[in-house]
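Q: The structure is given below, and queries will be raised subsequently.
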């Protein structure tokens with residue numbers, strides 16, 4: 241497949257975010273590669289999907305809200321803003337139904353319109369400060 245343009249990469253990322261927010265797990269393979277890595281670990285599509293399903297189980301009102309994007313194909317960087325009420329523990333913190341706001345800064349490598357590598361940093365200190 242030819243090199244993806246910036247527009248192609250942003251479009252693919254937007255479709256991925258829409259898939260997550262719709263919890264359309266049967267379509268996730270269209271947006272995420274079978275051999276996807278997360279923070280350097282090979283988790284595979286199944287492991288990645290299971291991680292996301294677990295996130296939605298722990299946070300019923302989870303919504304991925306893109307606050308900023310920078311793109312230099314094949315990389316795309318995004319800051320995601322979360323405003324949610326996790327049921328119990330979140331990242332080892334006892335949130336227990338309290339509303340919390342935090343961000344996640346993520347770099348993705350996109351190949352052939354699918355995410356191949358994910359590098360994520362979640363602002364856990366912001367959550368702890370709200371508890």
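Residue numbers (our numbering): 241 to 371. Yeah, the Cβ is synthetic: ideal placement off N, Cα and C, and Gly gets one too.
If you reduce the DSSP assignment to three classes, tell me which class residue 336 lands in.
A: As a working note, residue 336 is residue 96 in the chain shown. Here residue 336 sits in coil by DSSP.
Q: For residue 273, which of 347, 264, 353 and 370 has the nearest alpha-carbon?
A: As a position in the chain shown, residue 273 is number 33, starting the count at 1. That would be 353, whose Cα lies nearest to the Cα of residue 273.
Q: Could you tell me the boundaries of the alpha helix (DSSP H) in which residue 245 lies?
A: For the purposes of this step, residue 245 is identified with residue 5 of the chain shown, where counting begins at 1. Neither: residue 245 is in no alpha helix (DSSP H) and is coded neither H nor E.
Q: Count the other CB atoms, across all protein chains shown, that sit within 10 Å of the CB of residue 300; report buried if there are 16 or more and exposed otherwise.
A: For the purposes of this step, residue 300 is taken as residue 60 along the chain shown, with counting starting at 1. Flag for residue 300 reads exposed.
Q: Using the Cβ count rule (16 or more neighbours within 10 Å means buried), how would you classify residue 326?
A: In the chain shown, counting from the first residue as 1, residue 326 sits at position 86. Flag for residue 326 reads buried.
Q: Would residue 257 and residue 306 be called neighbours here (beta carbons separated by less than 8 Å)?
A: The residue you call residue 257 lines up with position 17 of the chain shown. The residue you call residue 306 lines up with position 66 of the chain shown. Their beta carbons are under 8 Å apart, which means residue 257 touches residue 306 by this criterion.
Q: I'd like to check one pair, residue 253 with residue 350: are the Cβ atoms closer than 8 Å?
A: Here residue 350 refers to the residue found at position 110 when the chain shown is read from its first residue. Here residue 253 refers to the residue found at position 13 when the chain shown is read from its first residue. It is a contact, given that the beta carbons lie within the stated cut-off.
Q: Mapping DSSP to helix, strand and coil, what is residue 371?
A: For the purposes of this step, residue 371 is taken as residue 131 along the chain shown, with counting starting at 1. Coil, per DSSP.
Q: Am I right that residue 316 and residue 358 are in contact with their C-beta atoms under 8 Å? What's the rounded C-beta distance?
A: Indexing the chain shown from 1 puts residue 316 at position 76. Indexing the chain shown from 1 puts residue 358 at position 118. At roughly 11 Å, the Cβ-Cβ gap does not stay under 8 Å, so residue 316 and residue 358 are not in contact.
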